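Participant: Pasting a structure below so you can have a look.
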Amino acid sequence: MGTNAATRSAYLIPYLLWMVLFVAAPIVLIAYYSFFDVDGNFTLGNYAKFFTPVYWRMALSSFWYALLITLFSLLVAYPAAYLLTKTRHKQLWLLLIILPTWINLLLKVYAFLGIFGTYGTVNKLLELLGIGTQQILFTDFSFVFVSVYIFIPFMILPIFNALEELNPSLVDASRDLGASAWTTFSRVIFPLTLGGVKAGCQAVFIPALSLFMITRLVAGNRVITLGTAIEQHFLVTQDWGIGATIAVFLILAMAVIMRLTGLRKRGGIV
Amino acid sequence: MKTRWKVSNLYLIAVFVILYAPILYLAYYSFNSGGSMHEFEGFTLEHYAEVFQDTRLLIIVLNTLVIALLSSALATIIGVAGALFIHRVRRHTTKQTLLTLNNVLIVSPDVVIGASFLILFTIAGIKLGFTSVLLSHIAFSVPIVVLMVLPKLQEMSPTLVDAAEDLGATRWDVLTKVVLPFIRPGIFAGFFMALTYSLDDFAVTFFVTGNGYATLAVEIYSRARQGVSLSINALSTLIFLFTLLLVLGYYAVNRRGAAKAKTLAEGVRP
């Protein structure tokens, strides 16, 4: 029985190895490095530095932008997901929603350099409308817009799945019992698809905290997020200590968010 | 009723237009003989010729594809093993812990993953380049595969396995002839999601590529920071057409498969 059980469990090894090497070890290493300064001496200075207003302000604005991006993505994605479930050939349409995510994110961000540029399409339109050329690139607006654009498919997908799982007879029953379309939506459809909404918000909010390439390319370094700061410290100033400290903070924030939105659904499976 | 149908379709169309606008925008200007993305001077194919003459770029495209396919395949194998393992765990709290650990890399911000992997590879003495990028892509794809496969395992009735065992099937037979075929849709979904994540990743890769090795995203980032280059437009157009063909092909095959299954089923029924 012993050897039998051992061979039976052999297939566990790669997965457990993955868990130890790529889940546990990185977290431990990040925490460990946050206690060392740029010269490799043990210090608590990184944490002292993190609690100064400069970093706090950055953290707050980072969260604020992530919140805005999540909110706008949800506002655009929910109706889109709902309408998608009503189309014929909905699997094909869903595939077409996912298709742009197969084009690398950087290419799409790069396109916006042209669209939002001083002589770009949007500015030509504004000119035609008599509003005149505006500075769009390198503003908060361009940052939020491009980020929302990037995340919409990731918001639509879980909501679409939740809507698909929704038993249509519940909606019919609600309508039969005389509920208005709005009541049916707010009391039946939305609560029952809340799992999808939460999954979508998680899929958007956390990556939105770490969008350093968009801030660099279309926000012109005006928007500095925690992600930008980590990238800066790890790859430019080579001060891994403070970078790791910010990363520790992000990991903690992420744990809190997961607690709040709750990854658990009844049945135990995410 | 009719007008509402129209309004809702308009909304969906608007979402599709916005999703595809940047991609079509890139494609449009890829034929521009002028050097910019705002003044269309004349039709030319020179940027496409440029792409095909740029061996460095072609090697990078190849790198990207190799990394994506290889990492998704390996992640699928590890992920399926992981899902089978988690599915087998009976104790609720253990299962919950495993699932939480599994999801760490999904919910972590990309920059944190990138930074922690950079520390890990540096300490382990792994040279930054192909190996580090491949390992990272496998690492962040594994949990997605697990999440795609687990629901299928849950759907599977345990009596199916019992029946197979009663009929004298070995564990290996049960796995390869009953379980794996049953969860095949989940495995494919996991593989394709892993592929998507790998092709789309920039942030993690950016941290773990050394000098001299690049994936497309990293290369585009460095080129886009230097300004507009229409060969990037040409390349992205080619990638887009290629992906579109793949998706449409996949859809057609799927539908034909479904239709075949349907006619077969109808033929069997009296």
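Which chain is which? The protein sequence lines are P and Y, in order.
Note that my numbering gives residue 83 to position 83 of the first sequence, counting from 1, and the numbers run on in steps of one.
Note that my numbering gives residue 197 to position 197 of the second sequence, counting from 1, and the numbers run on in steps of one.
Cβ atoms here follow ideal geometry from the backbone N, Cα and C, with glycine treated the same way.
As the structure is a prediction and not an experimental result, all values here were calculated from the model.
(1) Starting from the C-beta of Y/F202, find all residues in its chain whose C-beta is less than 6 Å away, skip the five residues before and the five after it, and write them out in chain order.
(2) Kindly indicate the opening and closing residues of the alpha helix (DSSP H) around Y/R225.
(3) Taking DSSP as the reference, what is the three-state secondary structure of P/N161?
(4) Compute the beta-carbon to beta-carbon distance between Y/S136 and Y/T205, rounded to the nearest angstrom, for a pair I have assumed lies under 8 Å.
(5) State the Cα-Cα distance for the pair P/Q232 and P/W240, rounded to the nearest angstrom.
(6) Quick check: the stretch 214-229 of chain P against the stretch 122-140 of chain Y, are at least 3 beta-carbon pairs closer than 8 Å?
(7) So, do the stretch 227-234 of chain Y and the stretch 22-41 of chain Y have three or more beta carbon pairs nearer to each other than 8 Å?
(8) Could you give the uninterrupted runs of the alpha helix (DSSP H) lying entirely in the stretch 130-182 of chain P, keeping only those of 4 residues or more?
(9) Distance cutoff 7 Å, beta carbons only. Does P/Y78 sit that close to anything in chain Y?
(10) Thinking just about the alpha-carbon of each residue, which of Y/V253, Y/V61, Y/S8 is nearest to the one in P/A81?
(11) Three or more C-beta pairs closer than 8 Å, one from the stretch 198-206 of chain P and one from the stretch 149-162 of chain P: is that the case here?
(12) Ignore the nearest five residues each way along the sequence and tell me which others in P/M254's own chain have a CB closer than 7 Å to its CB.
(13) Any Cβ of chain Y within less than 7 Å of the Cβ of P/E231?
(14) Could you give the uninterrupted runs of the beta strand (DSSP E) lying entirely in the stretch 29-105 of chain Y, keeping only those of 3 residues or more?
(15) Out of Y/I18, Y/A83, Y/L105, Y/Q53, point me to the one whose CA is closest to P/V23's CA.
(16) Write down the C-beta distance between P/A247 and Y/S132 rounded to the nearest angstrom, noting that I regard them as a contact closer than 8 Å.
(17) Can you pull out the residues from the stretch 11-39 of chain Y whose beta carbon lies closer than 8 Å to at least one beta carbon of chain C?
(18) Within the continuous alpha helix (DSSP H) that includes P/W102, where are the two ends?
(19) Which residues in the same chain as P/R187 place their Cβ atom closer than 8 Å to its Cβ, once the five residues preceding and following it in sequence are excluded?
(20) Can you find a C-beta in chain P that's less than 7 Å from the C-beta of Y/V186?
(21) For P/N104, would you say it is in contact with chain Y, using Cβ-to-Cβ distances shorter than 7 Å as the test?
(22) In chain order, what residues of the same chain have a beta carbon less than 6 Å from the beta carbon of Y/S236, not counting five sequence neighbours either side?
(23) Report yes if the CB atom of P/I27 is closer than 7 Å to the CB atom of P/A244, and no otherwise.
(24) Is the shortest distance between the beta-carbon of P/L128 and the beta-carbons of chain Y less than 7 Å?
(25) Is there contact here, the stretch 12-32 of chain Y with the stretch 85-102 of chain P, by at least three beta-carbon pairs under 8 Å?
(26) Helix, strand or coil for Y/F117, going by three-state DSSP, please let me know.
(27) In the DSSP output, what is P/F42 paired with across the bridge?
(28) Excluding sequence positions up to five away, which residues of its chain have a Cβ less than 6 Å from the Cβ of Y/P270?
(29) Span of the alpha helix (DSSP H) holding P/I224?
(30) Quick one: using the 10 Å Cβ neighbour count with 16 as the cut-off for buried, is Y/R255 buried or exposed?
(31) Which residues in chain Y have a C-beta closer than 8 Å to the C-beta of P/Y65? List them in chain order.
(32) Taking a cut of 8 Å between CB atoms, which residues from the stretch 240-252 of chain P lie near chain Y?
(33) Which residues in the same chain have their Cβ closer than 7 Å to the Cβ of Y/V80, if we skip the five residues on either side of it in sequence?
(34) Run through chain P and tell me which residues come within less than 7 Å of Y/I60, C-beta to C-beta.
(35) Within the chosen definition, does the stretch 131-144 of chain P reach the stretch 52-59 of chain Y through at least 3 CB pairs nearer than 8 Å?
(36) Output yes if chain P places a C-beta closer than 7 Å to the C-beta of Y/V247; else output no.
Facilitator: In short, the structure shows the following:
(1) Result list for Y/F202: A217, in chain order.
(2) Segment 216-226, the alpha helix (DSSP H) holding Y/R225.
(3) In this structure, P/N161 counts as helix in the three-state DSSP scheme.
(4) Yes, Y/S136 and Y/T205 are in contact; Cβ-Cβ is about 7 Å, under 8 Å.
(5) Using only the alpha carbons, I get a separation of about 10 Å.
(6) No, they do not touch.
(7) A contact between stretches requires three or more CB pairs, one per stretch, nearer than 8 Å, and the stretch 227-234 of chain Y meets this requirement with the stretch 22-41 of chain Y.
(8) Whole alpha helix (DSSP H) segments, 4+ residues: 140-165, 168-176.
(9) For P/Y78, the nearest beta carbon of chain Y is not closer than 7 Å to its own beta carbon.
(10) Selected option, being the one with the closest Cα: Y/S8.
(11) As far as the Cβ criterion goes, the stretch 198-206 of chain P touches the stretch 149-162 of chain P, which means the pair count is three or higher.
(12) For P/M254, where only same-chain residues beyond five positions count, the Cβ hits under 7 Å are I206.
(13) At least one chain Y Cβ lies under 7 Å of P/E231.
(14) Runs of the beta strand (DSSP E) inside the stretch 29-105 of chain Y: none found.
(15) When each option's Cα is compared against that of P/V23, the closest is Y/L105.
(16) Between Y/S132 and P/A247 the Cβ distance is about 18 Å, and since that is not below 8 Å, they are no contact.
(17) Included in the structure are the protein chains P and Y, with no chain C among them.
(18) It is not in any alpha helix (DSSP H) - P/W102 carries neither H nor E in the DSSP assignment.
(19) In its chain, beyond the 5 residues on either side, S174, A179 have a beta carbon closer than 8 Å to the beta carbon of P/R187.
(20) The question names Val, yet the displayed sequence has Gly at residue 186 of chain Y. Contact of Y/G186 with chain P is not assigned, every C-beta pair being separated by 7 Å or more.
(21) Chain Y, which has a Cβ nearer than 7 Å to the Cβ of P/N104, makes this yes.
(22) The residues are L26.
(23) No, they are not a contact pair.
(24) Not closer than 7 Å to any Cβ of chain Y, the Cβ of P/L128 fails to qualify, so no.
(25) Contact between the stretch 12-32 of chain Y and the stretch 85-102 of chain P is present: 3 or more CB-CB pairs across the two stretches fall below 8 Å.
(26) Helix at Y/F117.
(27) P/F42 pairs with P/F36.
(28) Below a pLDDT of 50, predicted positions are generally treated as unreliable, and Y/P270, at 36, falls in that range; the measurement from the model is reported next regardless. Excluding positions up to five away in sequence, the list is empty.
(29) Element bounds for P/I224: n/a, residue is neither H nor E.
(30) So Y/R255 counts as exposed.
(31) When 8 Å is used as the limit between beta carbons, P/Y65 is near no residue of chain Y, the shortest such separation being about 13 Å.
(32) Across the stretch 240-252 of chain P, CB contacts with chain Y closer than 8 Å involve W240, G243, A244, A247, L250, I251, in sequence order along the chain.
(33) Sequence-distant Cβ neighbours of Y/V80 in its own chain, meaning closer than 7 Å and more than five residues away, are V145, V149, I187.
(34) Near Y/I60 there are no residues of chain P at all, since even the closest Cβ is about 12 Å away, more than 7 Å.
(35) Because the criterion of three Cβ pairs below 8 Å is not met, the stretch 131-144 of chain P and the stretch 52-59 of chain Y do not touch.
(36) At least one chain P Cβ lies under 7 Å of Y/V247.
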